[in-house]
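Protein chains in written order, with my numbering: chain A, 1 to 281; chain B, 1 to 282.
Pasting the structure below:
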């Protein structure tokens, strides 16, 4: 990406040639403040406005803790599945030629375009004991619908394109000369993958994992149909917020939202630190 | 030795076929089957039942509301996206990266929280709730709330697409136009817009898909009043929870159709104009 290159001393002059900075900047900042910043600040206002006891009572209740565990656990599991299969799909799309490749490439983005509620009812119907997939799993004793497995499957659906779209361009840019060198020096194909390719695409893979994970933690529409929503068992954190709101417990809903946002922010920060370390090496 | 000499940097044909098979199998089970099942379930009791569900008055009201919400929120965010990318790509100023990060903020907020913040602002016990009540205005459990939540959710789409594109194109063309005497608006309409139109269309397409399909945020602020504050995704939920599966999947099939049209248009744009999409997208 080339940033507009400043050219020596003419930079200040060049900057002032184009009109419209005040108008575009003013409109952007105004719209950003009205739509994003002021509404989001209500979370901070409401959280700081409530007492610590109240915050802990709702935010760290048994029911809430179970919901965080479920949301973060299934989001991590789904992001790991997506890291493996997203890498596989990206690999196949970049490296191999096969009929229908363009269609496959387009299909990968389906979760970005398909409304989450539609995905939710479709997955629930597929994995129900009478569904196309569920009828094969049911005799084996595998229960998907109304369990954490179902939640994870919904989050795999939602998160897959994040990993594929992160890894694909890096994989495509990877020069084959390094792989050739490794092969000529006697490395097996697997060694080349583990020691040469994987470290190169590591940061992108981690970004994809983080994006899929963050999306999974907050996901609502695709999950609530398949999860069954039993408090303490299959109730995800976003649903608990909705439940609190339906009981007009604004403070409770805000406390859970604040804790969720804080926790996902911490995870994302840890992942970007890990990336910095990987890139630094 | 022989293998290395012939193809040092690819896999054996058998391995290749296995990997392709695994990837396609995964996509079949996780993406394609859900999509097909939407249409199969919708047509389970025949075309007549499908048609009845789609033309039901409540369904039609939901379709109208979804179109209305998209018709308001997509142009607003398109204007914002163009303005923000013009400011960011054509000028140098301090705090640019902070601004870009702030624009991305709605992507990292759970849809449910995106609805919650507007309830905290405009709800009965919200900050502006009493004032709204005194003026007999409703935002939450009404159309304005649905529009606001949708605008928030789709806020970054156009800007995210245009910022890297306009940064890549630089500002030489615009500077040439201005130095030849074109006004700011002339420069924008005749120089910048033709350069960015396909990227703009791409951003609008994705913004629209999300605006019409948003569920979580809208569900929190809508109040689920049938025929009044139900968008299509919310109508799908209500029908599904009432065990009207054919009805739910019939309305869902319209949304799935929209998703397929979006994907096809998006792919055509990508192939013909070699547009790359930014990494983060929800």
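C-beta atoms are modelled at their ideal positions from N, C-alpha and C, and glycine is treated no differently.
Cβ contact annotation for residue 43(A) (same chain, cutoff 8 angstroms, sequence separation greater than five): 254, 257, 258 and 261, in chain order. Inside the stretch 20 to 80 of chain B, DSSP marks whole alpha helix (DSSP H) runs of 4 or more residues at positions 33 to 42 and 46 to 55, from first to last along the chain. For residue 51(A), no CB of chain B lies under 8 angstroms from its own CB, so it is not counted at the interface with that chain.
Nearest neighbour of residue 35(A) by Cα position, chosen from 185(B), 272(B), 145(B) and 216(B), turns out to be 145(B). In this structure, the straight-line span from the alpha carbon of residue 50(A) to that of residue 243(A) is close to 19 angstroms. Using a CB distance below 7 angstroms, the part of the stretch 176 to 202 of chain A facing chain B consists of 176, 179, 180, 183, 184 and 189, ordered along the chain.
At a C-beta separation below 9 angstroms, residue 111(B) has these neighbours in chain A: 116, 218, 219, 220, 221 and 238. Residues of chain B with a Cβ closer than 7 angstroms to the Cβ of residue 92(A) are, in chain order, 19, 20 and 23. Taking C-beta separations shorter than 6 angstroms and ignoring five residues to either side along the sequence, the partners of residue 78(B) in its chain run 158 and 204, following chain order. Among the CB atoms of chain A, one or more fall inside 8 angstroms of the CB of residue 233(B).
Residues of the same chain with a CB within less than 8 angstroms of the CB of residue 196(A), apart from the 5 flanking positions on each side, are 178, 179, 182 and 187 in chain order. Contact with chain A is absent for residue 139(B), since none of that chain's Cβ atoms lies less than 8 angstroms from the residue's Cβ.
Contact annotation: residue 222(A) and residue 116(A) have beta-carbon atoms nearer than 8 angstroms. In this structure, 86(A) is the residue among 21(A), 86(A) and 118(A) with its C-alpha nearest to the C-alpha of residue 160(A). Scanning its chain for C-beta atoms nearer than 6 angstroms, with the 5 sequence neighbours on each side dropped, one finds around residue 49(B) the residues 246, in chain order.
Using a 10 angstroms sphere on the CB of residue 187(B), the tally of other CB atoms reaches 16 or more, which defines it as buried. Membership of residue 194(B) in the alpha helix (DSSP H) is indicated by the continuous run 193 to 213. Taking 4 residues as the shortest admissible run, the stretch 127 to 199 of chain A contains the following complete alpha helix (DSSP H) segments, listed from N- to C-terminal end: 134 to 137, 148 to 173, 176 to 184 and 189 to 192.
A distance of 8 angstroms or more separates the beta carbons of residue 211(A) and residue 105(B). Judged by DSSP in its simplified three-state form, residue 181(B) adopts coil rather than helix or strand.
At least one beta carbon of chain A lies nearer than 8 angstroms to the beta carbon of residue 184(B). When rounded, the separation of the alpha-carbon atoms in residue 199(B) and residue 165(B) is 7 angstroms. Taking the Cβ atoms as the reference, residue 167(A) lies roughly 5 angstroms from residue 204(A), within the contact range of under 8 angstroms. If you draw a straight line from the Cα of residue 136(A) to the Cα of residue 39(B), it is about 21 angstroms long. Here residue 250(B) is near residue 53(B), since their CB atoms are less than 8 angstroms apart. Counting C-beta pairs closer than 8 angstroms gives three or more between the stretch 202 to 219 of chain B and the stretch 253 to 262 of chain B, which meets the contact rule.
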